[in-house]
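So the structure is just underneath, and the comments pick up after that.
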Amino acid sequence: MADPIHQFEIHKVVDLSQFSFALPGTSYVVDPSITNSVVSMMAAVALFTVVFGAVTARPQVVPGRFQAVGEMLFGLIDGLVSSIIGHDGRKYFPYIFALFLFVLGMNLIGLFLVFTATSQLAVTATLGLMTIVLVLIVGFAKNGVGFFKLFVPSGVPWLVLPLIIPIEIISFLLRPVTLALRLFGNMMGGHVALKVFAGFIAGAVGMAAAGSGLMGGFVGALSLGGVVALTALEFLVAFLQAFVFAVLACIYLNDVVNLGHGH
Amino acid sequence: MESEALKYVGAGLATLGMIGAGIGVGNVFGNFLNGALRNPSAAGSQIGNLFVGAALAEALGILAFVLGILILNS
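Protein sequence lines, in the order shown, are assigned to chains A and B. So for the first sequence, my numbering puts the first residue at 2; every next one is plus one. So for the second sequence, my numbering puts the first residue at 7; every next one is plus one.
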């Protein structure tokens, strides 16, 4: 059976020469080659640039079918941001919307083409880290030292505070980790399952070729049905994970934007 | 037993953590349906919360899955 992990291998598409630079202490080697992961990400960006360019090219008061799709995606995230962060949320809408479309684009392209960029931990970890760094910057810019109130929940008796504060700090630091691992694990797990079922079909064809045609046909039909059903499920997961990523980024931003006074 | 074989056993045991994620996600959706059938008019506004809850419960199962993959490829 084919190796289901093989699809996640990164190989170079365009080879560019390496260069190195030295910072005090260590020197770093940078390889700017275009890999299949980079191509997939570029395709995701190009996809939504073209789609939204086309959607907004000839806007009409009564949207046509194509414009309605764009407005639906926009309205989904707009409603999300304003319902979670409140009226301060409009400032952060571009970031959340870009994040959502980028992740959604990579997930969907992974289902049509051979490579899913979001099944690379490096990609999802970068997105998670970017989000948490933004949360830190917004938190310190808006609240100053008051940012540390985030770790002291209100209404907690001071006796249990020594226990609560470390837990809050650890849970804050784990946010980018779970953000990255959730997306990575979902996409990788789904694609491995797809390839395993596809491998069963290849096995069933081998079985039929070896003589047991009835059994091979039965197993093959069952596995093919499994692949079709799993692909449908993967489309749901691709959208859901992009949405969940956006929702959680909103919730983490809300924690620091509306610090200390709910909303 | 060889250590190579034990690695596979360990990876299998690590994925047992996904049982908990299954129970958790089932709980989230089951209770949502329970509430939604009692008050269908309020159900639509809670879809977002539903998926966040499911994602948070699922994340812990994913951690177990990733651990399994890490052990398998260590």
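Even glycine gets a Cβ: it sits at the ideal position worked out from N, Cα and C.
Opening and closing residue of the beta strand (DSSP E) in which residue i lies
i, result
"Tyr29/A", "28-31"
"Val63/A", "From DSSP, Val63/A is part of no beta strand (DSSP E); its letter is neither H nor E."
"Lys13/A", "13-15"
Assumed close pair residue i, residue j - CB separation to whole angstroms, cut-off 8 Å
i, j, result
"Ala266/A", "Ser38/A", "Since the first residue of chain A shown is 2 and the last is 264, residue 266/A is not available in this structure."
"Pro177/A", "Thr132/A", "7 Å"
"Ala17/B", "Gly67/B", "That belief does not hold up - the Cβ atoms of Ala17/B and Gly67/B are roughly 15 Å apart, past 8 Å."
"Phe148/A", "Val257/A", "7 Å"
Residues that residue i contacts on chain A, provided the C-beta gap is smaller than 8 Å
i, result
"Gly54/B", "Leu81, Ser84, Val248"
"Leu19/B", "Correct list: empty, because the minimum Cβ distance to chain A is about 18 Å."
Reduced DSSP secondary structure (H/G/I, E/B, other) of residue i
i, result
"Phe22/A", "strand"
"His264/A", "Because His264/A sits at a pLDDT of 44, beneath the cut-off of 50, its placement in the model cannot be relied upon, and the following sentence gives the value as read from the coordinates. Of the three classes helix, strand and coil, the one that applies to His264/A here is coil, per DSSP."
"Ile35/A", "strand"
"Ala250/A", "helix"
"Val40/A", "helix"
"Gly87/A", "coil"
"Gly156/A", "coil"
"Thr50/A", "helix"
"Met107/A", "helix"
Beta-carbon proximity check, residue i vs residue j, cutoff 8 Å
i, j, result
"Gly54/B", "Val157/A", "no"
"Val56/A", "Gly76/A", "no"
"Ile202/A", "Ser172/A", "no"
"Leu62/B", "Phe38/B", "no"
Under 7 Å by beta carbon: chain A residues contacting residue i
i, result
"Ile77/B", "Within 7 Å Cβ-Cβ: nothing; Ile77/B doesn't reach chain A, min ~14 Å."
"Val31/B", "Chain A residues near Val31/B: none, gap ~12 Å exceeds 7 Å."
"Ala49/B", "Simply none; closest approach about 16 Å."
Extent of the continuous alpha helix (DSSP H) run through residue i
i, result
"Lys143/A", "122-144"
"Lys196/A", "162-210"
"Gly59/B", "53-78"
"Ile6/A", "No alpha helix (DSSP H) contains Ile6/A, which DSSP labels as neither H nor E."
Contacts of residue i in chain B (Cβ-Cβ under 8 Å)
i, result
"Gly190/A", "Ile68, Phe71"
"Leu237/A", "Going along chain B, no residue has its Cβ under 8 Å from Leu237/A, so there is no contact; the nearest lies around 11 Å."
"Leu241/A", "Phe57, Ala61"
Interface residues of chain B facing residue i [CB-CB closer than 7 Å]
i, result
"Asn187/A", "Ile68"
"Val245/A", "Phe57, Val58, Ala61"
Partner residues on chain A for residue i, Cβ-Cβ distance less than 9 Å
i, result
"Ala42/B", "Simply none; closest approach about 18 Å."
Proximal residues of chain B, C-beta to C-beta of residue i below 9 Å
i, result
"Leu100/A", "In chain order: nothing, as chain B lies at least about 15 Å away."
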